[in-house]
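Participant: Starting off with a structure, shown below.
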Amino acid sequence: MQPDLATFKREVERLGLTRNDHLLVYDSVGIFSAPRAAWLLNAYGHPKFSVLYGVLPRWIKEDCPIESGPSPIIPDRSEYELAGFDENSAREKVISYEDLVLNFKKPIHEERMI
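So this is what it looks like as structure tokens:
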């Protein structure tokens with residue numbers, strides 16, 4: 015489920031993120047939730063992010079230092095600017111379950127939305 019614009023904006027502001035930040039996206043499994051986070055950043059027009067594949071498991075395996083717990087909140091950073099963002103274009107990147115099922119029922123020679 016894709017969060018609405020207000021939820022996305024509130025959460026990135028709560029973390030103190032700005033559009034100027036280059037975000038490094040990774041997860042604890044290797045490559046599980048990081049692609050979803052990257053997809054959401056792209057859908058909402060965040061200009062700079064990278065997905066790091068398998069970084070955390072390797073970091074732990076090499077006995078490097080890690081921190082755990084909630085991310086620190088940085089309340090003094092500026093408001094997250096949604097410059098050039100079109101909420102409708104983000105919603106167009108998502109189809110409903112019903113549309114997905116109908117899409118796979120189409121004959122193979124018809125145009126399919128994937």
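End of the sequence shown = 128 in our numbering, gap-free, step of one.
Where a beta carbon is used, it is the ideal one built from N, C-alpha and C, also for glycine.
Remember, it's a predicted structure, so these values are computed and weren't measured experimentally.
1) By how many angstroms is the C-alpha of L54 removed from the C-alpha of Q16?
2) Which class does V26 belong to by DSSP, given the choice of helix, strand or coil?
3) Measuring CB to CB, does A51 end up less than 7 Å from K107?
4) Could I get the ranges of all uninterrupted beta strand (DSSP E) runs contained in the stretch 23-64, with 3 residues as the minimum, in chain order?
5) Assign V26 to buried or exposed, taking buried as 16 or more other Cβ atoms, counted over all protein chains shown, within 10 Å of its Cβ.
6) Do S64 and L38 have their C-beta atoms closer together than 7 Å?
7) Determine the burial state of H36: buried for a count of at least 16 other Cβ atoms within 10 Å of its Cβ, exposed for fewer.
8) Quick check on this structure: which residue in E81, G44, R33 and Y94 has the alpha carbon closest to the alpha carbon of R72?
9) So what's I80 in DSSP terms, helix, strand or just coil?
10) Have a look at E95, E112 and P121 and flag the residue whose alpha-carbon is nearest the alpha-carbon of A20.
Facilitator: Result, derived from the coordinates:
1) If you number the sequence shown from 1, residue 16 lands on position 2. If you number the sequence shown from 1, residue 54 lands on position 40. If you draw a straight line from the Cα of Q16 to the Cα of L54, it is about 8 Å long.
2) Your numbering for residue 26 matches position 12 in the sequence shown. Three-state DSSP puts V26 in a helix.
3) Taking the first residue of the sequence shown as position 1, residue 51 is located at position 37. Taking the first residue of the sequence shown as position 1, residue 107 is located at position 93. Cβ atoms of A51 and K107: not closer than 7 Å.
4) The qualifying runs are 37-39.
5) Within the sequence shown, residue 26 is the residue found at index 12, counting from 1. Per the 10 Å Cβ criterion, buried.
6) The residue labelled residue 64 in the question sits at position 50 within the sequence shown. The residue labelled residue 38 in the question sits at position 24 within the sequence shown. Taking the C-beta atoms as reference points, L38 is found nearer than 7 Å to S64.
7) For the purposes of this step, residue 36 is identified with residue 22 of the sequence shown, where counting begins at 1. Within 10 angstroms of the beta-carbon of H36 lie fewer than 16 other beta-carbons, which makes it exposed.
8) Counted from its first residue, the sequence shown places residue 72 at position 58. The candidate whose alpha carbon is nearest that of R72 is G44.
9) Along the sequence shown, read from residue 1 onward, the residue named residue 80 stands at position 66. DSSP places I80 in coil when its eight states are reduced to three.
10) If you number the sequence shown from 1, residue 20 lands on position 6. Measuring from the Cα of A20, the nearest candidate turns out to be E95.
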